[in-house]
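Following the numbering used here, the numbering of the sequence shown begins with 571 at its first residue and continues without gaps. Each residue gets a CB set at the ideal place from its N, CA and C atoms; glycine is no exception. All values derive from a computational prediction rather than experimental measurement.
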Amino acid sequence: MNNLKIVLLLTGTVNPNGMSLTHIQDVEKRKEHYIESLRYWKKIPEIQIVFVENSNTNIKSEVADFTDIDKFEFLTFDGNEYNKSLGKGYGELKCIEYAVLHSKFISEATFIFKVTGRYKVLNFNTFLENFRKEPNIDLLIDFKLNLTFSDSRFFGFTKKFVKDYLMRFESIVNDSEGIYFENILIKAALIAISDGYVYRPLYALPRISGYSGSLGVRYNSSYLHWLRHKVKYYLKYKSIGLGHMPDI
571 MNNLKIVLLL
581 TGTVNPNGMS
591 LTHIQDVEKR
601 KEHYIESLRY
611 WKKIPEIQIV
621 FVENSNTNIK
631 SEVADFTDID
641 KFEFLTFDGN
651 EYNKSLGKGY
661 GELKCIEYAV
671 LHSKFISEAT
681 FIFKVTGRYK
691 VLNFNTFLEN
701 FRKEPNIDLL
711 IDFKLNLTFS
721 DSRFFGFTKK
731 FVKDYLMRFE
741 SIVNDSEGIY
751 FENILIKAAL
761 IAISDGYVYR
771 PLYALPRISG
781 YSGSLGVRYN
791 SSYLHWLRHK
801 VKYYLKYKSI
811 GLGHMPDI
């Protein structure tokens with residue numbers, strides 16, 4: 571597919587303003603994490619990057635020395651002034667919705683990889699290369715907990731998935747009631763798959779580097795730690811025949 575256009579969507583909240591279940595509240599520390607992440611992602615060739623931020627804090631001027639308008643698009647909106655009991659998952663969903671509805675890059679995209687904005691996926695090229703071999707895919711998502719939970723830190727989708735499926739569950743996301751973004755993400759995905767969407771599990775276990783916003787601890791991104799869990803991940807999907815997994 572010669573006209574294949576892949577966009578990376580990074581979601582961010584520089585100022586959480588007391589958001590529940592968010593350990594890292596320091597604005598400057600969070601800003602540092604986002605800037606560090608953007609420096610990493612700029613090195614990935616042949617993709618465009620959208621950074622969407624929902625606390626009306628524009629960091630574009632602070633990264634101007636290494637970002638250019640052909641590769642980076644920055645979107646900032648006032649989307650964090652909602653009932654804090656709904657939790658940060660609601661804000662994450664609103665970031666994705668806003669980007670899909672307002673981003674020029676995404677409006678022209680064939681496929682979107684979403685990553686939580688402070689994180690780096692150290693083996694991202696694996697996902698990029700495998701998707702290019704199978705560009706008819708509509709969804710790349712890791713299912714967990716007996717198909718009730720999906721990892722929202724990193725997944726792939728088409729913009730139609732957000733408009734036609736994900737947005738319809740916006741009103742039920744509520745962390746305080748135990749209905750997390752990860753729960754409605756898998757609900758939307760399963761309905762889309764039943765309607766004919768082409769699904770694949772993530773081709774490998776993402777090797778994520780960065781600090782957890784909920785817990786405030788750094789993920790262990792060492793190769794040995796990742797390799798041990800990679801084998802478990804591979805066997806999970808191979809054993810139940812869910813999707814097509816490349817050889818390990």
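In this structure the stretch 786-806 touches the stretch 759-776; the number of beta carbon pairs closer than 8 Å is three or more.
For G657, there is no enclosing beta strand (DSSP E), since its DSSP letter is neither H nor E. Residue range F681 to T686 is occupied by the beta strand (DSSP E) that includes K684. Taking all protein chains in view, the Cβ of G766 is surrounded by fewer than 16 other Cβ atoms within 10 Å, so the residue is classified as exposed.
Counting only the Cα atoms, E662 lies some 13 Å from S741.
Rounded to whole angstroms, the gap between the alpha carbons of F697 and Y660 is 26 Å. In the structure shown, R723 adopts coil according to DSSP, grouped into three states. In the three-state reduction of the DSSP assignment, L579 falls in the strand class. Bridge partners of L794 according to DSSP: none are assigned. DSSP lists I749 as the beta-bridge partner residues of N744.
Taking G726 as reference, the option from F681, R738, F713 and I756 with the minimal CA-CA separation is F681. As computed with DSSP, S625 is found in a beta bridge with D648. CA-CA distance, I711 to F724, rounds to 8 Å. In the DSSP annotation of this structure, F636 is not part of any alpha helix (DSSP H), being labelled neither H nor E.
Look at I619 here: in three-state DSSP terms it is strand. Taken through DSSP and simplified to helix, strand or coil, I778 comes out as strand. One alpha carbon belongs to N587, the other to K703, and they sit about 43 Å apart. Rounded to whole angstroms, the Cβ separation of A679 and K729 is 6 Å, and the two are in contact under 8 Å.
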